[in-house]
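Colleague: Let me give you the structure first, and then I'll get to my questions.
Numbering (UniProt numbering), first residue to last: 1 to 311.
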């Protein structure tokens, strides 16, 4: 494809309204409008009608909608029951470690033959089996390795004094850490060559066909420090499946009492996050002094915010 055409397509594309962020009601409404418009044009010219519907569908595919302002109009005027039927929940925000398919890999995956590589399949099956065999109960694991224990002045769990000291030592060592190949490779237990740092305004790294994100450098510093602290605390840590390790690191951010990056105060407040069709209230942990997000909680899915473990 000529580079000029690629450049034009890139300018037209709106990732915030396509892919995983696509608003299905918006798409449906705009497809109907495109078909109606082409039917009107067909009265005069069938060829022009075909061109109209083709251009309209291409615009909807690239931009998510045909009529400007459709997302706002859809969320405002369609009944909530309709929006709920299509809604996929809040868009994955950068305020939390998330996993997404990279665009380049989606294109590669689309072009692949139906005969998937047998070796890749076997490796995937082996990895799933290994994770199943080594999966842990998150809360019990942290209790067993004495990373957490009952709080002194509350009916909840807190970092043990010894582990909190170890985490603080690691924070002192890693404060100021940013995403680089060596840091991410160590965190994910992969070769540095398997890591590609993404150019975003928050830490993000591609490993394999997935992109892992952190809300800010403070969250990455927390994960790196706690990862090293747990590795020193117990030799069981590296046997925990990678997916569970990431979940545990994310949860343990909520146990920190000061900002991992600037050492300031951490506060818990409410924020509004958007899905493709609706707005949601979430609880967010943030560093006050450096205005850095650490973690988001869905208040409908957690039993408490003082340290409850539900990765």
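Cβ coordinates follow ideal geometry from the N, Cα and C atoms, glycine included.
1) Terminal residues of the continuous alpha helix (DSSP H) containing residue 27?
2) Based on Cα-Cα distance, which residue from 48, 53, 145 lies nearest to residue 33?
3) In whole angstroms, what is the alpha-carbon distance linking residue 297 and residue 263?
4) Assuming contact is defined by CB atoms lying nearer than 8 Å, are residue 222 and residue 212 in contact in what I supplied?
5) Excluding the 5 residues preceding and the 5 following residue 163 in the sequence, name in chain order all residues of the same chain whose CB lies nearer than 8 Å to its CB.
6) Could you tell me the distance, in whole angstroms, from the CA atom of residue 219 to the CA atom of residue 253?
7) Could you please give the first and the last residue of the uninterrupted beta strand (DSSP E) stretch that includes residue 162?
8) Can you grab the Cα-Cα spacing for the pair residue 155 / residue 257, in whole Å?
9) For residue 13, which three-state DSSP category applies?
10) Which runs of the alpha helix (DSSP H) at least 4 residues long sit entirely within the segment 194-224? Give them in chain order.
11) To the nearest angstrom, how far is it from the Cα of residue 308 to the Cα of residue 56?
12) In terms of residues, what are the limits of the alpha helix (DSSP H) holding residue 66?
13) Pick out whichever of 261, 250, 188, 293 has its Cα sitting closest to the Cα of residue 267.
14) So what does residue 269 bridge to, in DSSP terms?
15) In three-state terms, what does DSSP make of residue 292?
16) Over the uninterrupted alpha helix (DSSP H) stretch that includes residue 138, give me the two end residues.
17) Quick check on DSSP: helix, strand or coil for residue 102?
18) Does residue 224 have its Cβ less than 8 Å from a Cβ in chain B?
19) Would you mind sorting residue 61 into buried or exposed? The rule is 16 or more other CB atoms within 10 Å of its CB.
20) According to DSSP, simplified to helix, strand and coil, what is residue 157?
21) Whose C-beta lies closer than 8 Å to the C-beta of residue 295 among residues of the same chain, with five residues either side of it excluded?
22) If I follow the unbroken beta strand (DSSP E) through residue 149, where does it start and stop?
23) Exposed or buried, residue 26, counting other C-beta atoms within 10 Å across all chains shown (16 or more means buried)?
24) Across which residues does DSSP place residue 297 in a beta bridge pair?
25) Ignore the nearest five residues each way along the sequence and tell me which others in residue 177's own chain have a CB closer than 8 Å to its CB.
26) Considering only DSSP beta bridges, list what residue 258 is partnered with.
27) Which residue from 136, 260, 153 puts its Cα closest to that of residue 242?
28) Looking only at its chain, what residues have a beta carbon closer than 7 Å to the beta carbon of residue 236, apart from the 5 residues adjacent to it on each side?
29) From which residue to which residue does the alpha helix (DSSP H) around residue 185 run?
30) For the candidate residues 65, 133, 42, whose alpha-carbon lies nearest to that of residue 244?
31) For residue 287, does the count of other Cβ atoms within 10 angstroms reach 16, so buried, or fall short, so exposed?
32) Below 8 Å between beta carbons: does that hold for residue 28 and residue 38?
Modeller: For this structure:
1) On the chain shown, residue 27 is found 27 positions in, with the first residue counted as 1. Counting along the chain, the alpha helix (DSSP H) containing residue 27 begins and ends at 24-42.
2) For the purposes of this step, residue 33 is taken as the residue at position 33 of the chain shown. Ranking 48, 53, 145 by Cα distance to residue 33 puts 53 first.
3) Taking the first residue of the chain shown as 1, we reach residue 297 at position 297. Taking the first residue of the chain shown as 1, we reach residue 263 at position 263. The alpha-carbon atoms of residue 297 and residue 263 are separated by roughly 22 Å.
4) The residue labelled residue 222 in the question sits at position 222 within the chain shown. The residue labelled residue 212 in the question sits at position 212 within the chain shown. In this structure, residue 212 does not lie closer than 8 Å to residue 222 by Cβ.
5) Residue mapping note: residue 163 aligns to position 163 of the chain shown, counting from 1. Around residue 163: 146, 147, 148, 229, 233.
6) Your numbering for residue 219 matches position 219 in the chain shown. Your numbering for residue 253 matches position 253 in the chain shown. So the two alpha carbons sit approximately 7 Å from each other.
7) Here residue 162 corresponds to residue number 162 of the chain shown, with the count starting at 1. Note, residue 162: premise wrong, no beta strand (DSSP E); alpha helix (DSSP H) at 161-174.
8) By 1-based counting over the chain shown, the position of residue 155 is 155. By 1-based counting over the chain shown, the position of residue 257 is 257. Going by the C-alpha atoms only, they are around 17 Å apart.
9) For the purposes of this step, residue 13 is taken as residue 13 along the chain shown, with counting starting at 1. Residue 13: coil per DSSP, three-state reduction.
10) none
11) Here the question's residue 308 lines up with position 308 in the chain shown. Here the question's residue 56 lines up with position 56 in the chain shown. Residue placement at residue 308 is flagged as unreliable, the pLDDT there being 40, under the threshold of 50; a coordinate-derived value is accordingly withheld.
12) Locating residue 66 in the chain shown gives position 66, where the first residue counts as 1. Here residue 66 belongs to no alpha helix (DSSP H), and DSSP marks it neither H nor E.
13) For this step, residue 267 is matched to residue 267 along the chain shown. Here the closest residue by C-alpha is 293.
14) What you label residue 269 is simply residue 269 of the chain shown in a count that begins at 1. Residue 269 pairs with 284.
15) Counting from 1 along the chain shown, the entry for residue 292 is found at position 292. Residue 292 falls in the strand class under three-state DSSP.
16) As a position in the chain shown, residue 138 is number 138, starting the count at 1. Run containing residue 138: 138-144, per the alpha helix (DSSP H) assignment.
17) Locating residue 102 in the chain shown gives position 102, where the first residue counts as 1. Low confidence applies to residue 102: its pLDDT is 48, below 50, so where it sits in the model is not reliable, and the reading given next is rough at best. Three-state result, residue 102: coil.
18) No chain B appears in this structure, which consists of one protein chain only.
19) As a position in the chain shown, residue 61 is number 61, starting the count at 1. That one is exposed.
20) In the chain shown, counting from the first residue as 1, residue 157 sits at position 157. Strand at residue 157.
21) As a working mapping, residue 295 is identified with position 295 in the chain shown. The answer, listed in chain order, is 95, 96, 215, 219, 250, 253, 254, 284, 285.
22) Start at 1 with the first residue of the chain shown, and residue 149 comes out as number 149. Here the beta strand (DSSP E) through residue 149 covers 148-150.
23) Within the chain shown, numbered from 1, the residue matching residue 26 stands at position 26. Counting Cβ neighbours within 10 Å, residue 26 comes out buried, since at least 16 surround it.
24) The residue you call residue 297 lines up with position 297 of the chain shown. Beta-bridge pairing links residue 297 to 283.
25) As a first step, residue 177 is located in the chain shown; it is residue number 177 there, counting from the start. Taken in chain order, the residues that qualify are 183, 217, 220, 221, 224.
26) Stepping through the chain shown from its first residue, residue 258 is reached at position 258. DSSP output for residue 258 lists 265 as bridge partner(s).
27) As a position in the chain shown, residue 242 is number 242, starting the count at 1. Nearest C-alpha to residue 242: 136.
28) Mapped onto the chain shown, residue 236 falls at position 236. Within the same chain, residue 236 has close Cβ partners 145.
29) Position 185 of the chain shown, counted from the start, is the residue given in the question as residue 185. First-last of the alpha helix (DSSP H) with residue 185: 181-188.
30) Mapped onto the chain shown, residue 244 falls at position 244. Minimum Cα distance to residue 244 is reached at 133.
31) Locating residue 287 in the chain shown gives position 287, counting from the first residue. With a threshold of 16 other beta carbon atoms within 10 Å, residue 287 meets it and is buried.
32) Taking the chain shown and counting its residues from 1, the one referred to as residue 28 is at position 28. Taking the chain shown and counting its residues from 1, the one referred to as residue 38 is at position 38. No, they are not a contact pair.
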